[in-house]
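Every letter in the sequence shown is one number past the one before it in my numbering, and letter 44, counting from 1, is 294. Just so you know, even glycine gets a beta-carbon here, dropped at the ideal spot from N, CA and C. Everything numeric in this text was worked out from a predicted model, so none of it was measured. First up is the structure itself, then whatever we jot down about it.
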Amino acid sequence: MSVRGLSELCWSVGVFSQKPNVGVVFKLNSWIFLEGHCKHVVPNIGLLRESGVPQPCISFLLTRGTRVLMVNPEKCGQLVSEVKEMGFNLEKSTSVNALCALCGKNKLVLNRSREVLKTWGWSEDDFPSAFRKYPHCMVVSEKKLMQIMDLLVNKMGWSSGMIAKYPVALGVSLERRLIPRCSVVKVLLFKGFINENLNLGSLLKPTEKQFLEIFVNRYLGQVPELLSVYQGKVDIQDV
């Protein structure tokens with residue numbers, strides 16, 4: 251199939267609302283429209299549209315979640331039904347993330363993640379609640395899950411249930427986000443500048459600029475090394 255033919259095909263099923271999206275798909279994943287795959291992709295796009303999945307979400311699948319579109323249409327229908335039964339609104343982007351998490355090898359990772367988190371005290375109610383909030387939290391490697399839970403539970407003192415309420419903690423970068431922020435909070439807690447009842451959301455929600463303003467800059471007068479702690483240049487023990 252030619253590039254022009256692929257473009258006409260995409261427009262015919264109403265996938266794109268903006269022309270630039272066509273070029274992105276062709277650049278990244280034009281192979282999914284080869285004859286051997288097209289028999290699944292096009293019917294699945296139609297199924298998703300009939301189910302109420304909006305165009306931007308389908309475009310996302312074409313560029314970042316092709317595994318969902320590659321399954322046979324019957325399996326795709328089952329995935330859509332499963333996501334709906336779990337309480338997802340198919341008009342929201344989180345439903346697309348849920349489809350990706352439940353598809354193929356990700357489903358195996360998801361099941362393994364459940365077993366790991368059980369060992370940290372997650373209840374059966376915690377899993378669906380966390381998954382609905384942030385589906386990606388359940389398709390994280392076992393190694394990363396263990397590292398994050400060890401940091402937040404053993405080193406920071408947050409309960410396992412608290413982490414289930416803020417599952418985005420399981421998906422962010424350990425090195426670039428969690429460790430720097432936890433190190434700063436640990437210092438401030440030790441010195442008594444912030445309340446020990448600080449919840450995990452207060453650590454995760456701020457942008458980097460906001461975090462620096464709230465937890466670093468305002469305390470530099472009392473703790474000059476705090477920025478260096480955040481940057482990983484100074485150990486907590488040396489402050």
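By the C-beta criterion, the stretch 325-345 is judged not to be in contact with the stretch 361-368, since fewer than 3 inter-stretch pairs fall below 8 Å. Considering only THR457, PRO456, LYS455 and LYS441, the residue with the shortest C-alpha distance to LEU476 is LYS441.
Following the DSSP letters along the chain, one finds MET406 in no alpha helix (DSSP H), marked with neither H nor E. Cα atoms of PHE381 and ARG317: separation of roughly 19 Å, rounded to the nearest angstrom.
PHE310 and LEU470 have their alpha carbons spaced roughly 42 Å apart. Taking C-beta atoms as the reference points, VAL403 and GLY354 fail to come closer than 9 Å. Within the same chain, and ignoring the five residues on either side of VAL434 in sequence, the residues whose Cβ sits closer than 7 Å to its Cβ are PHE465, VAL466, LEU476, VAL479 and TYR480.
In terms of Cα proximity to PRO456, the closest of VAL418, PRO378 and GLN487 is VAL418. Closest by C-alpha distance to GLY407, out of LYS393, GLY302, CYS387 and TRP370, is TRP370.
Boundaries of the alpha helix (DSSP H) around ASN356: 355-369.
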